[in-house]
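Novice: Respectively, the protein sequence lines represent chains S and F. According to my numbering, the first sequence is numbered sequentially starting from 1. According to my numbering, the second sequence is numbered sequentially starting from 1. Please read through the structure below; I'll follow up with questions.
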Amino acid sequence: MITREPEFFPESITWIGQLGRIGVGASRSVGRAGILLAQTILAMRFMFVKRSRHAIMDQMYVSGIKSILVISIVAIFTGMILALQTGIELMRFNQQVNVGTAVMVSMLREMGPFMTGLILAACVGSSMAAQLGTMVVSEEIEALDVMEIDPVRFLVMPRLVAMMVMTPLLSFFTCMTGILGGGIVAITQLHVSWEAYINNAFWLAAEKDLFVGLFKAFLFGVIITIVSCHEGFSTTNGAVGVGLSTRKAVIECFLYILIVGYVVTRLFYL
Amino acid sequence: MIDFNNVTKVLGNNTVLDGMDLHIEEGETFVLVGPSGTGKSVTLKHIVSLMTPDSGSVKVMGEDISQCSKKRKEEVLSNFGYLFQGGALLAWMSVADNVALPLIEKTNMKRKDIYEKVYNALELVGLEDDGDKMPSSISGGMKKRAGLARAIIRDPQIVLYDEPTSGLDPVMARTIDHLIVDLNEKKPGMTSLVVTHDLHSALSIADRIGLLYLGKVIVDLPPDEFIKSEDPEVVKFLEAQYITKRGSWEKERK
Ligand SMILES: Nc1ncnc2c1ncn2[C@@H]1O[C@H](COP(=O)(O)OP(=O)(O)OP(=O)(O)O)[C@@H](O)[C@H]1O
Ligand SMILES: [Mg+2]
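Laid out in structure tokens, this is it:
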């Protein structure tokens, strides 16, 4: 939901009142983000209209392709760290061949979607919040309203569709790059041959791991878009407010990614 | 056409509109003047229901705009053009695309026809060479003129101008005045509400001038009488702009 009119609340004097204010504010914010999600899903019926297709393509490029470089670097090092840490332990039992499985499973299940989510929250989420926040501050959202162009359909829907597609793809890319990084460590530090590493990696990898990971990434994409757009739309107080909502967007995305990541793992693996 | 009945609006602890009454007839050019921060922009926002009154009602085309159904509201809004104080161009689109946006989104016109119309509108505001530029690389006055082109691109019935001439050089300011007058002449029945600080332009384009002060329209007179008004606020306003030659103001429109 997009709030258009500025809202004012009287100062509360006691700490109980302030605590209550925080509680009400937080639940109101979650509720509004939920309404925004529902509105955006409704607006998806315009997904295949020509002008929306262009916007979606643009957003896919901006949010997906432009983050690939950062994601690759992070993914490679994540894989290397995983391989090194588990490899050192496995070496004690002379089991370092199994490092492939360790990297593969943790990448697919957790680290792939998780790292992708964090990076996209930092790169894409922050820029969404900043961009929409600036639009609020410079009356552009109001201008869209007067022109009867629905800001949810025009701005949020293309971002959501793009992120729903790109986050799982990028997550898959992160996993594969991470395995590559792990392989480098396996060959150079652990003296495991490339064939042994790869065979071992794909030997135990289950389809379930892949699909649960992709599902997680999909959820993270939705979270990042909706949280960031909602924070952007709630911007008040000019340029200072834009900075504040950008910060809030990134923090909230991180938080929700961690919580949802845990919940999904708990649901599928216990 | 536009009727404010006893409208009150409080923002924070600041009563911006305080029992305001304002009635604008169809086909009229009404100019609203007033000191900075008295609520002129807030008044305009009430007309297109970007803000809703705390009490009282705002009626547009006989319809209470903040109460009526969504569909009816859309119908009413489709008659409006709105020039925002800062232009409010979308930052990631070129000037021409910004002006074209209402046509692309709301009509089924062909691309070629749309851009023909867009460049005609840009020519009217003197921006025919700047269509490809991005809003971030043009000046504040140019943004305002591009916003004006966007406001009038759909041939609206009612146009709301928020300070169309502030920040423009005097020559361009007069060009915009002429444009506003021309638009009204070309399209009979077109209603304009112009917010401005510029009394020169107010006196030359207005059918009526209203002075907004402390949340009310305290003076509401045709230009010839406005200039003769003895109201202390009006006198202050006129003298601040060196308009002391009372009574002999030449109207631009003959
Ligand atoms: N979003 C808002 N939140 C809080 N107060 C606001 C908001 N918008 C306007 N106001 C207050 O309402 C009053 C009127 O503002 P408005 O923008 O209508 O002034 P204005 O007459 O258009 O002035 P100017 O000529 O400088 O544009 C100001 O005192 C301002 O502080
Ligand atoms: Mg204003």
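Using N, Cα and C, we set each Cβ at its ideal position, and we do this for glycine too. For clarity, every value in this text was computed on a predicted model and none was experimentally measured.
Under the criterion of a Cβ to heavy atom distance below 7 Å, does Asp-162(F) qualify as lining ligand 2?
Specialist: For ligand 2, at least one heavy atom lies less than 7 Å from the Cβ of Asp-162(F).
Novice: Between Ala-43(S) and chain F, is any beta-carbon pair separated by less than 8 Å?
Specialist: no
Novice: Taking CB distances under 8 Å as the criterion, tell me whether Asp-209(S) reaches chain F.
Specialist: no
Novice: Between Arg-51(S) and chain F, is the shortest Cβ-Cβ distance under 8 Å, so that the two count as touching?
Specialist: yes
Novice: Anything in the stretch 38 to 52 of chain F with a Cβ closer than 8 Å to a Cβ of chain S? List those residues in chain order, please.
Specialist: Lys-45, Val-48, Leu-50, Met-51, Thr-52
Novice: Just by C-beta distance, which residues in the stretch 72 to 87 of chain F are closer than 8 Å to chain S?
Specialist: Glu-74, Leu-77, Ser-78, Phe-80, Tyr-82, Phe-84, Gln-85, Gly-86
Novice: In whole angstroms, give me the CA-to-CA distance for Thr-15(F) and Gly-215(F).
Specialist: 7 Å
Novice: Which of the three DSSP states, helix, strand or coil, is assigned to Lys-59(F)?
Specialist: strand
Novice: Report the residue from Pro-10(S), Gly-213(S), Ile-81(S), Arg-53(S) whose alpha carbon sits nearest the alpha carbon of Leu-170(S).
Specialist: Comparing C-alpha distances from Leu-170(S) to each of Pro-10(S), Gly-213(S), Ile-81(S), Arg-53(S) shows the shortest one belongs to Gly-213(S).
Novice: Alpha carbon to alpha carbon, how far is Glu-207(S) from Asn-237(S)?
Specialist: 49 Å
Novice: Considering only the beta carbon of each residue, do Glu-201(S) and Thr-101(S) sit closer than 8 Å?
Specialist: The question names Glu, but residue 201(S) is Ala in the sequence shown. Yes, the pair counts as a contact, with Cβ atoms nearer than the cut-off.
Novice: Measure from the alpha carbon of Lys-45(F) to the alpha carbon of each residue in Glu-142(S), Arg-153(S), Phe-8(S), Val-152(S), then state which is nearest.
Specialist: Glu-142(S)
Novice: Name the two residues that bound the continuous alpha helix (DSSP H) containing Asn-200(S).
Specialist: 194 to 204
Novice: Starting from the beta carbon of Pro-102(F), find every residue of chain S whose beta carbon is closer than 9 Å, and list them in chain order.
Specialist: Met-147, Glu-148, Ile-149
Novice: Does the Cβ of Glu-11(S) have 16 or more other Cβ atoms within 10 Å, making it buried, or fewer, making it exposed?
Specialist: exposed
Novice: When Cβ atoms are compared, which residues of the stretch 127 to 154 of chain F fall closer than 7 Å to chain S?
Specialist: Correct list: empty, as no residue qualifies.
Novice: Decide if Lys-73(F) is buried, meaning its Cβ has at least 16 other Cβ atoms within 10 Å, or exposed.
Specialist: With 16 or more Cβ atoms within 10 Å of its Cβ, Lys-73(F) is classed as buried.
Novice: Tell me where the beta strand (DSSP E) around Asn-79(F) begins and ends.
Specialist: It is not in any beta strand (DSSP E) - Asn-79(F) carries neither H nor E in the DSSP assignment.
Novice: Establish whether the CB of Lys-110(F) and some CB of chain S are separated by less than 8 Å.
Specialist: no
Novice: Let's see if you can read the secondary structure: which residues bound the beta strand (DSSP E) around Gly-167(F)?
Specialist: No beta strand (DSSP E) contains Gly-167(F), which DSSP labels as neither H nor E.
Novice: Return the first residue and the last residue of the beta strand (DSSP E) that Ser-192(F) is part of.
Specialist: 191 to 195
Novice: Have a look at Gly-131(F) and Ala-88(F) and give me their C-alpha separation to the nearest angstrom.
Specialist: 16 Å
Novice: Say whether chain F places a C-beta atom closer than 8 Å to the C-beta of Glu-11(S).
Specialist: no
Novice: What residues match up with Leu-17(F) in a beta bridge as DSSP calls it?
Specialist: Lys-9(F)
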